[in-house]
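Enquirer: So in the numbering used here, spot 137 of the sequence shown is number 137, and the numbers just go up one at a time.
C-beta atoms are modelled at their ideal positions from N, C-alpha and C, and glycine is treated no differently.
Please read these numbers as outputs of a predicted model, since none were measured by experiment.
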Amino acid sequence: MNIVRRSRALKGALVATAVAVATATVAGTASAAGAGTAELPVQPTFEMYGANKQTQELQVWFPVGNGGFETVGPLGNVSDIADIIVADNDNDGHGEAEWTVYKNGRLDFWSPDSGSEDTDVVGRGWNIYATVLSPGNIGGAKQADLLGVDKTGVLWSYLAYPNGTLTPRVRVGGGWNTYSQIAGQGDLTGDGKPDVVARDKTGVLWLYKGTGNYKAPFTGRTKIGSGWNTYDRVLSTGDIDLDGKADLLARKSNGDLFRYPGTGNASAPFKAPVRIGGGYQKFNLF
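(1) With contact counted as at least three CB pairs below 8 Å, one residue from each stretch, are the region 137 to 144 and the region 89 to 100 in contact?
(2) So what's Gln181 in DSSP terms, helix, strand or just coil?
(3) Along the beta strand (DSSP E) that carries Glu70, what are the first and last residues, could you check?
(4) Thinking C-beta only, is Gly164 closer than 9 Å to Leu155?
(5) Using a threshold of 9 Å, state whether the C-beta atoms of Arg251 and Arg233 are closer than that.
(6) With a Cβ-Cβ cutoff of 9 Å, do Gly68 and Gly220 count as a contact?
(7) Could you check if Gly210 is buried or exposed, using at least 16 other CB atoms within 10 Å of its CB as the buried criterion?
(8) Find out if the Cβ-Cβ distance for the pair Ser134, Val60 is shorter than 9 Å.
(9) When DSSP builds the beta bridges, which residues end up paired with Glu57?
(10) How long is the line joining the alpha carbons of Asp243 and Ala183, rounded to whole angstroms?
(11) On a Cα-Cα basis, can you pick out the residue from Gly139, Asn91 and Leu58 that is closest to Gly73?
(12) Counting only the same chain and skipping the five closest in sequence on each side, list residues whose C-beta sits under 8 Å from that of Gly175.
(13) What does the Cβ neighbour count give for Lys193, buried or exposed, with the cut at 16 atoms within 10 Å?
(14) Suppose you measure from the CA of Val78 to the CA of Ala51; what does that come to, to the nearest Å?
(15) From this set, Thr263, Tyr280, Thr71 and Gln281, which residue's C-alpha is nearest Pro273's C-alpha?
(16) Beta carbon of Gly203, beta carbon of Trp228: below 9 Å?
(17) Between which two residues does the beta strand (DSSP E) harbouring Pro273 extend?
(18) Would you tell me roughly how many angstroms separate the C-alpha atoms of Phe283 and Lys53, rounded to the nearest one?
(19) In the DSSP assignment, find the beta strand (DSSP E) that holds Gly123 and state where it starts and stops.
(20) Do you know how far the Cα of Gly186 is from the Cα of Arg171?
(21) Just checking my contact of Pro44 with Gly238 at CB under 8 Å: how many whole Å lie between their CB atoms?
(22) Mind reading off the beta-carbon distance from Tyr231 to Asp200? Whole number of angstroms is fine, and I expect it under 8 Å.
(23) Taking all protein chains shown into account, do 16 or more other C-beta atoms lie within 10 angstroms of the C-beta of Ile84, making it buried, or fewer, making it exposed?
(24) Measuring straight from C-alpha to C-alpha, what distance separates Ile81 and Tyr129?
(25) Could you check if Glu47 is buried or exposed, using at least 16 other CB atoms within 10 Å of its CB as the buried criterion?
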């Protein structure tokens with residue numbers, strides 16, 4: 001059994017229960033808003049992965065529904081892994097499939113539909129990218145798709161098939177190397193389309209709203225705020241407080257981890273930060 005799959009086997013019931021509660025809550029809220037109102041997809045909730053900087057062992061943090069995490073690990077050595085990207089391909093609100101990016105450039109995929117505990121190799125050469133992420137379904141189909149920023153700053157999009165294989169990449173645009181952090185897993189603006197945020201090297205955080213068009217997946221950027229260079233890591237694990245809105249995580253160099261609760265409002269997508277723990281400086285967070 002691969003290490004990532006092992007983490008799911010250990011804590012799948014916890015995540016499923018939390019998501020079931022969230023789904024019921026969000027659905028109830030939508031019904032109370034009035035008949036005839038179209039319901040948006042349930043916001044996905046994902047676990048957070050990290051490698052201990054000293055031992056290179058995998059640690060997994062599972063959302064528990066109150067905006068915090070429950071920790072599982074260590075689960076094994078992941079010194080050869082560059083990133084782990086989880087996807088909600090069946091749109092049930094929690095990630096069940098994953099891509100694993102290896103430092104040698106190999107891209108593996110696993111999902112429950114694969115019929116095996118082992119991953120499948122779906123690509124090579126992915127070490128040309130400085131950043132790989134999956135904000136969600138950027139092309140209008142069912143599966144979550146991939147984005148990659150190469151080391152020259154060009155953003156590329158890939159549409160995904162159910163088995164994790166990908167269409168040929170499409171060039172979105174250049175200049176993304178102006179950003180030191182890019183994150184996003186879910187819809188930040190309440191329109192049902194996945195968005196991303198990007199922090200530039202001066203510490204300004206920008207919002208890129210999703211369009212649903214994989215050839216031009218984002219609108220022009222909108223400034224969220226400055227001062228984000230106080231954090232050394234910005235990432236997303238979707239809706240971790242289970243209120244139906246995607247959140248953002250940010251870590252300070254001293255290891256303190258903060259949650260920025262989502263609002264669903266494009267003009268002010270996050271509420272004030274809430275500290276949810278410390279000691280995270282020990283890990284390279286994926």
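Expert: Let me lay it out:
(1) yes
(2) strand
(3) Phe69 to Val72
(4) no
(5) yes
(6) no
(7) buried
(8) no
(9) Asn77
(10) 20 Å
(11) Leu58
(12) Gly153
(13) buried
(14) 7 Å
(15) Thr263
(16) yes
(17) Careful: Pro273 lies outside any beta strand (DSSP E) and carries neither H nor E.
(18) 5 Å
(19) Asp120 to Gly123
(20) 22 Å
(21) 4 Å
(22) 13 Å between Cβ atoms; not a contact.
(23) buried
(24) 14 Å
(25) buried
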